[in-house]
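**Q** Okay, handing you the structure first.
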Amino acid sequence: MEFNLFSFLLMLFPLVMAICFHEAAHAWSAHKLGDNTAFAQGRVTLNPLSHIDPVGTIAVPVLLWFLTGGSFLFGWARPVPVNLRNFKNIKRDDTIVSAAGPLSNLLMALIWGLIFVIAFKVSMNDSGESISTSSALSQMAFFGIYINVILAVFNLIPLPPLDGSHILRNWLSYEAEQVYRKIEPYGIYILMALVFFNILPIGMISAGITNVIISFFSLLF
């Protein structure tokens with residue numbers, strides 16, 4: 011896969027913002043539900059320095075990019091600390107906090123969708139030729155939609171340490187939860203294998219949702 015610096019730079023801003031919104035949403039919702047652990051550590055912010063993990067967000071993805079040509083990427087941000095004992099209703103509140111991350115990405119995808127449609131229409135002048143500035147913005151917005159949708163879909167996979175695992179575990183029966191907890195130590199390895207062998211249709215699902223978002227806003231303008 012050929013490295014395109016321009017496309018990479020256009021993708022970088024929405025990627026960083028997607029990560030920041032995701033993690034800040036976890037911290038903010040936990041704060042609202044009574045747990046100030048992340049709030050006290052300054053995690054209710056869009057400052058990338060508060061959320062980026064030097065290894066998981068930078069070193070590992072960059073290394074994998076050069077090793078695999080971009081065909082296999084994996085990474086993580088700094089986890090948001092949550093103290094379940096501070097919640098009034100642990101299962102309900104943990105579910106809300108866990109879902110806040112993916113939901114924030116879906117909201118961001120909608121915002122980028124609106125920007126994409128407006129920028130795309132502005133980028134085309136009367137003769138049908140593309141105007142460079144607006145065209146670049148529409149490309150960035152498209153990346154913004156797709157990246158946020160992928161993050162939302164990926165994080166809803168019910169495997170540890172993803173958000174979906176918390177949501178599922180909170181509503182399992184006691185017996186099922188005990189079985190599920192035995193799988194937890196191996197969750198990250200199962201997840202990496204599923205991603206590496208492209209078993210999960212994340213790209214197909216994300217592309218479908220991206221098209222729906224673009225089509226929806228295209229009907230409005």
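To convert a position in the sequence shown, counted from 1, into the working numbering, add 10. Built from N, CA and C at the ideal position, the CB exists for glycine as well.
Please list, in chain order, all residues of the same chain as Lys-101 whose beta carbon is under 6 Å from its beta carbon, the five residues on each side excluded.
**A** By 1-based counting over the sequence shown, the position of residue 101 is 91. Excluding sequence neighbours, Lys-101 sits near Asn-180.
**Q** Over what stretch of residues does the alpha helix (DSSP H) that includes Ile-121 continue unbroken?
**A** Along the sequence shown, one-based indexing puts residue 121 at 111. 100 to 133 is the extent of the alpha helix (DSSP H) around Ile-121.
**Q** Using CA coordinates, which residue listed in Val-92, Tyr-196 and Ile-29 is at the minimum distance from Thr-55?
**A** Along the sequence shown, read from residue 1 onward, the residue named residue 55 stands at position 45. When only C-alpha atoms are compared, the closest one is Ile-29.
**Q** Give me the residue from Phe-207, Leu-116, Leu-73 and Lys-98 with the minimum Cα distance to Ile-157.
**A** In the sequence shown, counting from the first residue as 1, residue 157 sits at position 147. When each option's Cα is compared against that of Ile-157, the closest is Leu-116.
**Q** So, under 8 Å CB-CB, Val-92 and Ala-48 are touching, yes? Tell me the CB distance rounded to an integer number of Å.
**A** Position 82 of the sequence shown, counting from 1, holds the residue named residue 92. Position 38 of the sequence shown, counting from 1, holds the residue named residue 48. Confirmed, about 7 Å.
**Q** Near Ser-114, what residues of its chain come up, given a Cβ to Cβ distance below 7 Å and the 5 sequence neighbours on each side ignored?
**A** As a working mapping, residue 114 is identified with position 104 in the sequence shown. Closer than 7 Å at Cβ, skipping near neighbours: Phe-31, His-32 and Ala-35.
**Q** If you measure between the beta carbons of Trp-263 and Asp-104, is that distance less than 9 Å?
**A** Any property of residue 263 remains undetermined from this structure, which presents the chain solely from 11 to 231.
**Q** Just to confirm, are Pro-58 and Met-150 a CB contact at a threshold of 9 Å?
**A** In the sequence shown, residue 58 corresponds to position 48, counting from 1. In the sequence shown, residue 150 corresponds to position 140, counting from 1. Result no, Cβ atoms of Pro-58 and Met-150 do not sit closer than 9 Å.
**Q** Taking Cβ to Cβ, would you say Arg-88 is nearer than 9 Å to Gly-66?
**A** For the purposes of this step, residue 88 is taken as the residue at position 78 of the sequence shown. For the purposes of this step, residue 66 is taken as the residue at position 56 of the sequence shown. Going by C-beta atoms, Arg-88 is nearer than 9 Å to Gly-66.
**Q** Please list, in chain order, all residues of the same chain as Ala-162 whose beta carbon is under 6 Å from its beta carbon, the five residues on each side excluded.
**A** On the sequence shown, residue 162 is found 152 positions in, with the first residue counted as 1. The answer, listed in chain order, is Pro-112, Asn-115 and Leu-116.
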